[in-house]
Amino acid sequence: MPQAAIEISGLRKVYGQGDTAVEALKEVNMRIQPGEVVGLIGPSGSGKSTLLKCLGAVTEPTAGEIRFNGETVYANGWRVGDIRALRRDRIGFVFQAPYLIPFLDVTDNVALLPMLAGRPNAEARARALDLLTALDVAHRARAQVSQLSGGEQQRVAIARALANQPPVILADEPTAPLDSERALTVVRILNQMAQQYRTAIIVVTHDEKIIPTFRRIYHIRDGRTYEEAGEGRAF
Amino acid sequence: MISLAGRDILHAWGKYVFTGLGLGLLIGVTLSMAGIYRGMVDDAKVLLRNSGADIWVVQKDTLGPYAEPSSLHDDIYRSLLGLPGVARAANATYLTMQVRRSDEDVRVMVVGITPGQPGEPGYLLAGRRLTRSHYEAIADIKAGLAQGEKVRIRRNDYTVVGLTRRMVSSSGDPMLFIPLKDAQAAQFLKDNEAIRNDRARTAANPALNRPGVPGLIEAIDASKTESRSVNAVLVQVAPGWPPAAVAENIRRWKYLQAYTVADMEDILVSKLISTSARQIGMFLVILAIVSAAIVSFIIYTMTLSKVREIAVLKLIGTRNRTIAGMILQQALGLGLIAFVVGKTVATLWAPHFPKYVLLEPGDAIRGFFAVMAICALASTLAIRTALKVDPAEAIGG
Ligand SMILES: Nc1ncnc2c1ncn2[C@@H]1O[C@H](COP(=O)(O)OP(=O)(O)OP(=O)(O)O)[C@@H](O)[C@H]1O
Ligand SMILES: [Mg+2]
């Protein structure tokens with residue numbers, strides 16, 4: 000079996016303590032290959048956002064193990080020295096809304112990540128421009144983000160998630176505000192990028208339009224994950 | 000790495016410029032306040048320097064001609080001339096009053112001097128010195144009088160023959176120099192009704208109105224209307240004599256008060272101007288607090304409106320230090336804009352103040368650092384808020 004990009008075993012998350020404790024994640028097990036896009040589906044309150052926060056290293060799990068590319072980053076405690084650097088270099092985030100930085104132009108919104116990682120400005124911008132070209136928004140490279148359409152902003156957000164070539168991208172309802180054509184475009188782009196950069200992508204979604212596109216789906220219910228084969232329909 | 004603060008300022012430059020403008024006007028007021036105080040001190044120093052005197056001799060137990068009323072007999076200067084180290088001595092009177100030009104009143108300090116003696120204004124902008132002993136005047140330029148113009152002091156008209164500058168009293172009234180005799184008359188002049196009244200009373204006194212002594216009653220009347228008082232005697236010391244020693248000598252032997260230039264400066268600055276200085280100091284404190292409140296409010300609301308962006312920045316791995324630095328730089332940037340605006344407006348409006356406003360570079364530098372310190376302090380609230388933002392907020396529920 001090839002080495003998984005993301006491997007989660009026995010992940011638990013309890014919010015609070017004592018009588019008010021909420022066990023949001025009880026037993027999560029996942030295994031995602033590089034270049035693979037999987038869906039994460041579940042009813043409201045099932046623990047989807049909690050799982051993304053744990054994987055995104057903004058919330059500390061209670062127990063279990065997380066491995067990225069075979070390296071243990073969490074095992075009953077964080078195993079990396081600099082969690083900020085982990086988020087910056089090894090995880091990309093895409094949200095329901097693009098959440099771009101309004102005072103930076105399109106290029107610098109993407110280039111900011113390599114810059115934060117210590118890359119020189121010119122190199123960071125060249126990398127940003129490559130990604131913007133791949134995502135077909137290079138013609139808007141020097142525009143203010145407020146001048147972009149919703150779909151263009153979402154593509155810039157995807158470029159930002161890819162900027163440091165992370166092995167993992169976490170997408171939380173990335174197609175919710177888009178119509179079905181644009182939603183499918185975003186899914187196609189995510190799949191292309193996953194292929195091109197060998198990135199493992201987890202897409203949390205309720206979106207009936209895109210669910211049939213996944214080859215593999217994880218259902219989450221009451222804090223437990225169940226794996227299922229998807230339709231893998233073309234987009 | 001790019002400057003996040005710089006980008007944000009450029010992006011919302013309108014907000015920054017307008018806020019900076021408002022704050023800048025406040026700083027302009029602050030700098031002007033300091034300038035007004037500096038101007039008062041400088042006015043006092045220049046006044047003393049331009050008076051051509053080394054020692055001011057005044058009535059015992061008084062604080063000198065500018066600070067307290069003082070009355071001396073006008074022949075005391077003769078006995079002062081006899082003291083060792085005294086080169087020249089001359090009478091002077093000081094009286095703040097309204098004088099009348101063609102159609103309006105001007106408030107001035109009328110100074111009675113002896114032409115060619117200490118007390119005469121040291122520097123003329125235009126015209127000439129007093130030459131005749133009556134009805135001529137030299138005016139400080141701030142009085143707004145023109146050369147050749149006539150002013151009425153009490154019942155007499157004076158012609159302005161010369162103009163001088165930087166001769167203003169400690170309360171800011173420009174000085175008007177006239178011959179001593181005229182000044183004495185103006186200072187102690189009674190109106191005609193009072194003189195007639197007085198004369199009638201003298202005539203009714205059998206002890207004074209003696210039959211068979213011709214001229215007695217006239218002599219008494221003359222002595223009553225003639226003034227023999229002055230406010231101060233200005234002394235120049237002979238070369239080689241320390242003014243302090245000469246002043247000490249005058250104090251000891253003549254039962255008079257004598258002040259050197261240093262003493263006078265001390266009186267003017269620490270006694271006369273000190274209340275104004277405290278007043279201005281209080282203003283400065285209030286303005287500093289108001290500025291700090293405004294800056295911290297503005298920076299705080301600007302930060303609150305960026306909570307989402309800050310959460311995203313943290314999520315993608317921006318260090319707390321970078322975020323704090325961004326907010327601090329924004330506050331300092333605001334302070335810088337405001338300081339430039341403030342310094343500019345203070346310089347522009349300084350000449351239009353009725354009193355002299357002295358903008359010292361040292362004050363500007365101190366002001367700059369104070370503004371920067373206030374802005375840095377004011378940004379702490381916003382920084383604390385920003386550091387508390389949870390990166391998980393970017394992911395949402
Ligand atoms: N910070 C928190 N403190 C306490 N309980 C929490 C916290 N965050 C989430 N929970 C609880 O954990 C459970 C899972 O929440 P989570 O937000 O992960 O659900 P979700 O699957 O994302 O739901 P939705 O589809 O509505 O977004 C819920 O019962 C929720 O109330
Ligand atoms: Mg959720």
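Quick mapping for you: the protein sequence lines, in order, are chains L and P.
In this text, residue positions in the first sequence follow numbering that gives the first Met the number 0: the first is 0, and each later residue adds one.
In this text, residue positions in the second sequence follow numbering that gives the first Met the number 0: the first is 0, and each later residue adds one.
Cβ atoms here follow ideal geometry from the backbone N, Cα and C, with glycine treated the same way.
- Message: Let me check one thing: in DSSP terms, what residues is L:Phe92 bridge-paired to?
- Response: The count along the first sequence starts at 1 and reaches residue 92 of chain L at position 93. Looking at the DSSP output, L:Phe92 shares a beta bridge with L:Leu169.
- Task: May I ask whether a heavy atom of ligand 1 can be found less than 8 angstroms away from the beta carbon of L:Tyr225?
- Result: One-based indexing of the first sequence puts residue 225 of chain L at position 226. No, Cβ of L:Tyr225 sits at least 8 angstroms from all heavy atoms of ligand 1.
- Listed from N- to C-terminal order along the chain, which residues in the region 45 to 79 of chain L have their beta-carbon within a distance smaller than 8 angstroms of any beta-carbon of chain P? Residues passing the 8 angstroms Cβ filter: Ser48, Leu51, Lys52, Gly55, Val57 and Thr58.
- Message: Please tell me whether, using a cut-off of 8 angstroms, the distance from the CB of L:Lys47 to the nearest non-hydrogen atom of ligand 2 is below it.
- Response: Mapped onto the first sequence, residue 47 of chain L falls at position 48. Flag set: Cβ of L:Lys47 near ligand 2.
- Task: Please indicate yes or no: does the CB of P:Ile298 lie closer than 8 angstroms to some heavy atom of ligand 1?
- Result: Translated into positions along the second sequence, residue 298 of chain P becomes position 299. Incorrect: P:Ile298 has no Cβ contact closer than 8 angstroms to ligand 1.
- Would the region 206 to 222 of chain L and the region 29 to 48 of chain L be scored as touching if the rule is three or more Cβ pairs under 8 angstroms? With a cut-off of 8 angstroms, the region 29 to 48 of chain L and the region 206 to 222 of chain L count as touching, because enough Cβ pairs lie within range.
- Query: Given a threshold of 16 other Cβ atoms within 10 Å of its Cβ, counted over all protein chains shown, does L:Val186 qualify as buried or as exposed?
  - Reply: For this step, residue 186 of chain L is matched to residue 187 along the first sequence. Classification for L:Val186: buried.
- For P:Gln256, which of helix, strand or coil comes out of DSSP? Here residue 256 of chain P corresponds to residue number 257 of the second sequence, with the count starting at 1. P:Gln256 carries a strand assignment under DSSP once its states are collapsed to helix, strand and coil.
- Taking 8 angstroms as the cut-off, does the CB of L:Ala23 come closer than this to any heavy atom belonging to ligand 1? The residue labelled residue 23 of chain L in the question sits at position 24 within the first sequence. Within the cutoff, so yes.
- Query: Helix or strand or just coil, what does DSSP make of P:Pro350?
  - Reply: As a position in the second sequence, residue 350 of chain P is number 351, starting the count at 1. P:Pro350 falls in the helix class under three-state DSSP.
- Task: State the start and end residues of the unbroken beta strand (DSSP E) segment that holds P:Ala91.
- Result: For this step, residue 91 of chain P is matched to residue 92 along the second sequence. Val85 to Arg100 is the span of the beta strand (DSSP E), which, as asked, contains P:Ala91.
- Pull out every residue of the region 300 to 315 of chain P whose Cβ sits closer than 9 angstroms to any Cβ of chain L, in chain order. If the cut-off is 9 angstroms between Cβ atoms, the region 300 to 315 of chain P has Lys305, Arg307, Glu308, Ala310, Val311, Leu312, Lys313, Leu314 and Ile315 near chain L.
- Message: Suppose you measure from the CA of P:Leu335 to the CA of P:Val45; what does that come to, to the nearest Å?
- Response: As a position in the second sequence, residue 335 of chain P is number 336, starting the count at 1. As a position in the second sequence, residue 45 of chain P is number 46, starting the count at 1. Inter-residue distance for P:Leu335 and P:Val45 is about 34 angstroms (C-alpha atoms, whole angstroms).
- Could you tell me the boundaries of the alpha helix (DSSP H) in which L:Glu151 lies? Numbered from 1 along the first sequence, position 152 holds the residue referred to as residue 151 of chain L. Boundaries of the alpha helix (DSSP H) harbouring L:Glu151: Gly149 to Leu161, taken from the DSSP string.
- Candidates P:Ile288, P:Tyr93 and P:Gly361: closest to P:Trp55 by CA position: Reading the second sequence from its first residue, position 56 is the one you call residue 55 of chain P. Minimum Cα distance to P:Trp55 is reached at P:Tyr93.
- Item | Neighbourhood of L:Val21 by C-beta, 8 angstroms cutoff - its chain only, sequence neighbours within 5 removed | For the purposes of this step, residue 21 of chain L is identified with residue 22 of the first sequence, where counting begins at 1. Same-chain partners within the cutoff: Val13, Tyr14 and Gly15.
- Message: I'd like to confirm something about P:Gly316: is its beta-carbon nearer than 8 angstroms to some heavy atom of ligand 2, or not?
- Response: Taking the first residue of the second sequence as position 1, residue 316 of chain P is located at position 317. For ligand 2, not one heavy atom lies less than 8 angstroms from the Cβ of P:Gly316.
- Nonlocal neighbours in the same chain, by C-beta distance under 7 angstroms from P:Gln116, ignoring five residues either side: Here residue 116 of chain P refers to the residue found at position 117 when the second sequence is read from its first residue. Excluding residues within five positions, the ones whose Cβ falls inside 7 angstroms are Arg87 and Ala89.
- L:Glu226 (DSSP reduced to helix, strand or coil): In the first sequence, counting from the first residue as 1, residue 226 of chain L sits at position 227. It is a strand residue.
- Message: For a quick check, are the C-beta atoms of P:Phe354 and P:Val167 less than 9 angstroms apart?
- Response: In the second sequence, counting from the first residue as 1, residue 354 of chain P sits at position 355. In the second sequence, counting from the first residue as 1, residue 167 of chain P sits at position 168. Per the sequence shown, residue 354 of chain P should be read as Lys rather than Phe. Yes; because the gap between Cβ atoms is below 9 angstroms, this pair is in contact.
- In whole angstroms, what separates the C-alpha of L:Glu227 from that of L:Ala193? For the purposes of this step, residue 227 of chain L is taken as residue 228 along the first sequence, with counting starting at 1. For the purposes of this step, residue 193 of chain L is taken as residue 194 along the first sequence, with counting starting at 1. Near 20 angstroms, if we compare the C-alpha coordinates of L:Ala193 and L:Glu227.
- Residues of chain L with CB under 7 angstroms from P:Arg6, in chain order? For the purposes of this step, residue 6 of chain P is taken as the residue at position 7 of the second sequence. Neighbours of P:Arg6 on chain L, chain order: Phe102 and Leu103.
- Query: Going straight from the alpha carbon of P:Trp12 to that of P:Gly341, what length do you get?
  - Reply: Taking the first residue of the second sequence as position 1, residue 12 of chain P is located at position 13. Taking the first residue of the second sequence as position 1, residue 341 of chain P is located at position 342. Taking the straight line from one Cα to the other gives about 18 angstroms.
- Task: Rounded to whole angstroms, what's the CA-CA distance from P:Ser169 to P:Ile279? Just pull it up for me.
- Result: Stepping through the second sequence from its first residue, residue 169 of chain P is reached at position 170. Stepping through the second sequence from its first residue, residue 279 of chain P is reached at position 280. The straight-line gap from Cα to Cα measures roughly 15 angstroms.
- Taking just the CA atoms, how far does L:Gln164 sit from L:Leu128? Along the first sequence, one-based indexing puts residue 128 of chain L at 129. Along the first sequence, one-based indexing puts residue 164 of chain L at 165. About 14 angstroms.
- Which chain P residues sit within Cβ distance under 8 angstroms of L:Asn120? Here residue 120 of chain L refers to the residue found at position 121 of the first sequence. In chain order: Met0 and Ile1.
- Task: Take every Cβ of the region 172 to 185 of chain P, pair it with every Cβ of the region 116 to 132 of chain P, and state whether three or more of those distances are shorter than 8 angstroms.
- Result: Touching, per the Cβ criterion.
- Item | Rounded separation between P:Thr346 and P:Lys14 - CA only | What you label residue 346 of chain P is simply residue 347 of the second sequence in a count that begins at 1. What you label residue 14 of chain P is simply residue 15 of the second sequence in a count that begins at 1. Approximately 25 angstroms, taken between the alpha carbons.
- Item | First through last residue of the alpha helix (DSSP H) which encompasses P:Trp240 | Residue numbering aside, residue 240 of chain P sits at position 241 when the second sequence is read from its first letter. No alpha helix (DSSP H) contains P:Trp240, which DSSP labels as neither H nor E.
- Task: Compute the distance between the beta-carbons of P:Val105 and P:Gly143, then report whether it is under 9 angstroms.
- Result: Counting from one through the second sequence, the residue named residue 105 of chain P turns up at place 106. Counting from one through the second sequence, the residue named residue 143 of chain P turns up at place 144. Yes, the pair counts as a contact, with Cβ atoms nearer than the cut-off.
- Query: What is the DSSP secondary structure of L:Pro113, reduced to helix, strand or coil?
  - Reply: Here the question's residue 113 of chain L lines up with position 114 in the first sequence. Helix, per DSSP.
- DSSP state of P:Asn208 mapped onto helix, strand, coil: What you label residue 208 of chain P is simply residue 209 of the second sequence in a count that begins at 1. Of the three classes helix, strand and coil, the one that applies to P:Asn208 here is coil, per DSSP.
- Confirm, please, whether the CB-CB distance from P:Ala310 to P:Pro390 is below 9 angstroms. Locating residue 390 of chain P in the second sequence gives position 391, counting from the first residue. Locating residue 310 of chain P in the second sequence gives position 311, counting from the first residue. Taking 9 angstroms as the Cβ cut-off, P:Pro390 and P:Ala310 qualify as a contacting pair.
- Assuming L:Glu151 and L:Arg139 make a contact with CB atoms under 8 angstroms, what is their CB distance in whole Å? For the purposes of this step, residue 151 of chain L is identified with residue 152 of the first sequence, where counting begins at 1. For the purposes of this step, residue 139 of chain L is identified with residue 140 of the first sequence, where counting begins at 1. Between L:Arg139 and L:Glu151 the Cβ distance is about 6 angstroms, and since that is below 8 angstroms, they are a contact.
- Query: For L:Gly117, is the beta carbon positioned less than 8 angstroms from some heavy atom of ligand 4?
  - Reply: The model depicted lacks ligand 4 and carries ligand 1 and ligand 2 instead.
- Item | Those residues which DSSP pairs with L:Ile200 across a bridge | Working through the first sequence from its first residue, we reach residue 200 of chain L at position 201. The partner list for L:Ile200 (beta bridge, DSSP) reads L:Val36 and L:Ile168.
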